[in-house]
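Okay, here's the thing in structure tokens:
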């Protein structure tokens, strides 16, 4: 995969970004998903730590840029770099598949959804993107893939620090 061809909203490409900082490429589920909102909340909480470790977050989403930026603003991630992929072509290039019933609606997912709701993170019925699309995270340094986390269930919680600890 040619990272030079993958452009973020600022016009920069992933290859060049990864040459100056580690890039944590975060593929999100649709913005109405409670687990997508939890991921944004968690990454917002860790933004300062990631900045200190010279890690740039780049989000991949399925909405248009204006909608995405309103969500990033809501989670104190204003100015976040991102890529709009409404047809999920980039998701597919990274091997991220559509979820099956148990990955999306299984017992563990319901339990985790309840736990997330108790933390005060709300879900919406608004579906912005493909509700079957699974998320994932990829770490690039100097143009090379160094680590990844591919969700087995929509409700999986990545350890962002463990993902970057390998290399940063």
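Residue numbers (my numbering): 5 to 172. Here a beta-carbon is modelled for each residue, glycine too, at the ideal position from N, C-alpha and C. Bear in mind the structure is a predicted one, so any value in this text is a computation, not a measurement.
Among 102, 35, 51 and 105, which residue has its Cα nearest to the Cα of residue 73?
In the chain shown, the residue the question calls residue 73 occupies position 69. Looking at the Cα atoms, 35 is the closest of the given residues.
Have a look at 26, 42 and 86 and flag the residue whose alpha-carbon is nearest the alpha-carbon of residue 145.
In the chain shown, counting from the first residue as 1, residue 145 sits at position 141. Among 26, 42 and 86, the Cα nearest to that of residue 145 is on 26.
For the ligand MG, any of its heavy atoms closer than 7 Å to the Cβ of residue 148?
By its list of ligands, the structure shown contains no ligand whatsoever, and the ligand MG lies outside what it can speak to.
Should residue 139 go down as buried or exposed, given a rule of 16 or more other Cβ atoms within 10 Å for buried?
Walking along the chain shown from the start, residue 139 turns up at place 135. Under this definition residue 139 is a buried residue.
Find the nearest neighbour of residue 24 within the set 148, 160 and 161, judged by alpha-carbon distance.
Position 20 of the chain shown holds residue 24. The option with the nearest alpha carbon to residue 24 is 148.
Going by C-alpha distance, which of 150, 109, 98 and 14 is nearest residue 38?
Taking the first residue of the chain shown as 1, we reach residue 38 at position 34. Here the closest residue by C-alpha is 109.
When DSSP labels each residue in this structure, what does residue 78 get in the three-state scheme?
Taking the chain shown and counting its residues from 1, the one referred to as residue 78 is at position 74. If DSSP states are grouped into helix, strand and coil, residue 78 belongs with the helices.
When the Cα of residue 21 is compared with those of 158, 134 and 62, which residue comes out closest?
As a working mapping, residue 21 is identified with position 17 in the chain shown. Here the closest residue by C-alpha is 62.
Kindly list the residues whose CB is nearer than 8 Å to the CB of residue 87, restricted to its own chain and excluding five residues on each side of it in sequence; keep chain order.
Stepping through the chain shown from its first residue, residue 87 is reached at position 83. If we look at residue 87 and ignore the five residues flanking it on each side, its Cβ neighbours are 10, 11, 12, 13, 62, 63, 64, 65 and 94.
Quick one: is residue 132 buried, meaning 16 or more other Cβ sit within 10 Å of its Cβ, or exposed?
Numbered from 1 along the chain shown, position 128 holds the residue referred to as residue 132. With 16 or more other Cβ atoms within 10 Å, it is buried.
Buried or exposed: residue 103, going by 16 or more other Cβ atoms within 10 Å of its Cβ?
The residue you call residue 103 lines up with position 99 of the chain shown. It counts as buried.
Measure from the alpha carbon of residue 100 to the alpha carbon of each residue in 121, 123, 136 and 71, then state which is nearest.
By one-based count along the chain shown, residue 100 stands at place 96. Closest option to residue 100, Cα to Cα, is 136.
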